[in-house]
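Numbering (the numbering used here), first residue to last: 159 to 445.
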Ligand code: SF4
Ligand code: MG
């Protein structure tokens with residue numbers, strides 16, 4: 159059985175010291191061990207951004223795709239190889255701006271994959287511009303007088319798209335985050351794990367301390383029922399989305415694979431492999 163070391167490679171992340179993404183990487187590797195996976199049973203698919211580098215830092219199958227396009231790739235991968243555990247990773251710039259259309263439709267389609275979205279309310283890789291998740295009034299070089307655009311509400315967007323699994327974690331709570339990723343991978347449909355993963359270099363407002371002070375853990379709410387959609391939405395609004403935990407789960411809605419019949423009859427599995435020379439001939443036009 160694989161241990162933590164088996165999901166590590168010798169590539170040193172070039173994230174800034176203190177970046178929240180380190181903890182997400184650790185939680186994801188820990189979750190893979192807790193799930194009893196082997197590296198060849200896991201695929202990490204990323205978009206572009208600081209968190210887009212994820213796939214290079216974990217020993218498993220890794221795909222670094224184009225900006226905002228990790229989810230279409232991840233869904234195709236899962237449908238072609240249902241045995242693979244597919245986790246897409248990206249940031250708020252990647253998934254909530256250029257990739258928002260893909261995010262919304264992937265959620266409503268409900269293919270059995272997990273999306274770990276690292277939300278730091280800023281574009282980090284391109285050196286600190288306002289993102290679709292930046293707070294109103296947030297000042298950057300693209301908004302020197304403060305952001306005037308209402309931030310995308312990730313949780314409510316996911317609920318509106320018909321999400322079947324919505325969780326939210328925080329980089330400072332690594333074991334809780336690990337548990338959320340484990341539950342997300344086990345969920346038989348699309349699972350969203352939004353993680354507040356602070357950018358220590360370009361966001362001096364939404365810091366570790368800021369989140370620590372604001373976030374409310376739903377496990378401290380006695381009456382919270384994560385199967386009651388109306389109540390969940392009400393709670394999300396009351397706390398302006400600053401909640402952590404497994405916020406919502408719908409275990410009734412079937413996955414895309416189930417409803418399409420692919421689960422029983424996956425034709426992709428019967429596609430014959432091309433002979434190497436035929437494959438070579440087909441792709442030579444692209445050289
Ligand atoms: Fe992390 Fe921000 Fe540095 Fe990117 S720029 S590695 S998000 S701290
Ligand atoms: Mg970001």
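Note that CB positions come from ideal geometry on N, CA and C, so glycine has one too.
Worksheet item: Are residue 317 and residue 406 closer than 8 Å when you measure CB to CB?
Response: Taking the first residue of the chain shown as position 1, residue 317 is located at position 159. Taking the first residue of the chain shown as position 1, residue 406 is located at position 248. Contact flag set, yes.
Item to complete: Decide yes or no for the touch test of the stretch 320 to 335 against the stretch 234 to 251: beta carbon pairs closer than 8 Å, at least 3 of them.
Response: The answer is no - the stretch 234 to 251 does not touch the stretch 320 to 335, with fewer than three Cβ pairs under 8 Å.
Worksheet item: Is the number of C-beta pairs between the stretch 289 to 299 and the stretch 365 to 380 that are closer than 8 Å three or more?
Response: Contact fails: fewer than three Cβ-Cβ distances are below 8 Å.
Fill in: residue 349 (DSSP reduced to helix, strand or coil)
One-based indexing of the chain shown puts residue 349 at position 191. Taken through DSSP and simplified to helix, strand or coil, residue 349 comes out as strand.
Discussion item. Out of 335, 289, 348, 338, which one is the CA nearest neighbour of residue 320?
Written reply: Walking along the chain shown from the start, residue 320 turns up at place 162. Out of 335, 289, 348, 338, 348 has the C-alpha closest to the C-alpha of residue 320.
Discussion item. Can you list, in chain order, the residues of its chain with a C-beta nearer than 6 Å to that of residue 230? Leave out the 5 residues immediately preceding and following it.
Written reply: Here residue 230 corresponds to residue number 72 of the chain shown, with the count starting at 1. Same-chain partners within the cutoff: 260.
Worksheet item: Are residue 400 and residue 366 close, meaning C-beta to C-beta below 8 Å?
Response: Indexing the chain shown from 1 puts residue 400 at position 242. Indexing the chain shown from 1 puts residue 366 at position 208. At least 8 Å separates the beta-carbon of residue 400 from that of residue 366.
Worksheet item: Comparing the CB of residue 252 with every heavy atom of ligand 1, is any distance shorter than 7 Å?
Response: Working through the chain shown from its first residue, we reach residue 252 at position 94. In terms of side-chain proximity, the C-beta atom of residue 252 is found no nearer than 7 Å to any non-hydrogen atom of ligand 1.
Item to complete: For the stretch 433 to 444 and the stretch 273 to 290, state whether three or more C-beta atom pairs, one from each stretch, are separated by less than 8 Å.
Response: No: the two stretches stay apart, fewer than three of their Cβ pairs being nearer than 8 Å.
Discussion item. Helix, strand or coil for residue 222? Go by DSSP, reduced to three states.
Written reply: Locating residue 222 in the chain shown gives position 64, counting from the first residue. Three-state DSSP puts residue 222 in a strand.
Worksheet item: Is residue 292 near ligand 2, judged by its Cβ being under 7 Å from some heavy atom?
Response: Taking the chain shown and counting its residues from 1, one reaches residue 292 at position 134. Answer for residue 292: no, Cβ out of range of ligand 2.
Worksheet item: Relative to the C-alpha of residue 278, which residue among 224, 368, 227 is closest?
Response: Along the chain shown, read from residue 1 onward, the residue named residue 278 stands at position 120. Of all alpha-carbon atoms in 224, 368, 227, the one lying nearest the alpha-carbon of residue 278 is that of 368.
Practice prompt. Consult DSSP for residue 199 and reduce its assignment to one of helix, strand or coil.
Written response: Translated into positions along the chain shown, residue 199 becomes position 41. Secondary structure of residue 199 (DSSP, three-state): helix.
Worksheet entry | residue 407: first and last residue of the uninterrupted beta strand (DSSP E) it sits in | Position 249 of the chain shown, counting from 1, holds the residue named residue 407. Segment 401 to 407, the beta strand (DSSP E) holding residue 407.
Discussion item. Given this structure, state the Cα-to-Cα distance separating residue 394 from residue 314, to the nearest angstrom.
Written reply: Against the chain shown, residue 394 aligns to sequence position 236. Against the chain shown, residue 314 aligns to sequence position 156. Taking the straight line from one Cα to the other gives about 8 Å.
Discussion item. Does residue 393 come out as helix, strand or coil in the three-state DSSP assignment?
Written reply: By 1-based counting over the chain shown, the position of residue 393 is 235. Three-state DSSP puts residue 393 in a helix.
Practice prompt. Compute the minimum distance between the beta carbon of residue 278 and the heavy atoms of ligand 2, and state whether it is under 7 Å.
Written response: As a first step, residue 278 is located in the chain shown; it is residue number 120 there, counting from the start. If you check the C-beta of residue 278 against ligand 2, you find a heavy atom less than 7 Å away.
Practice prompt. Compare the Cα-Cα distances from residue 252 to each of 168, 222, 332, 308 and report the closest residue.
Written response: Within the chain shown, numbered from 1, the residue matching residue 252 stands at position 94. If we check each option's Cα against that of residue 252, 222 comes out closest.
Worksheet item: What separation, rounded to the nearest whole angstrom, lies between the Cα atoms of residue 445 and residue 224?
Response: In the chain shown, residue 445 corresponds to position 287, counting from 1. In the chain shown, residue 224 corresponds to position 66, counting from 1. If you draw a straight line from the Cα of residue 445 to the Cα of residue 224, it is about 19 Å long.
Discussion item. Please list the terminal residues of the continuous alpha helix (DSSP H) segment that includes residue 238.
Written reply: Numbered from 1 along the chain shown, position 80 holds the residue referred to as residue 238. Counting along the chain, the alpha helix (DSSP H) containing residue 238 begins and ends at 228 to 238.
Worksheet item: Helix, strand or coil: which one does DSSP assign to residue 280?
Response: For the purposes of this step, residue 280 is identified with residue 122 of the chain shown, where counting begins at 1. Strand.
Item to complete: Say yes only if the C-beta of residue 205 is nearer than 7 Å to one or more non-hydrogen atoms of ligand 2, and no if none qualify.
Response: By one-based count along the chain shown, residue 205 stands at place 47. Flag unset: Cβ of residue 205 not near ligand 2.
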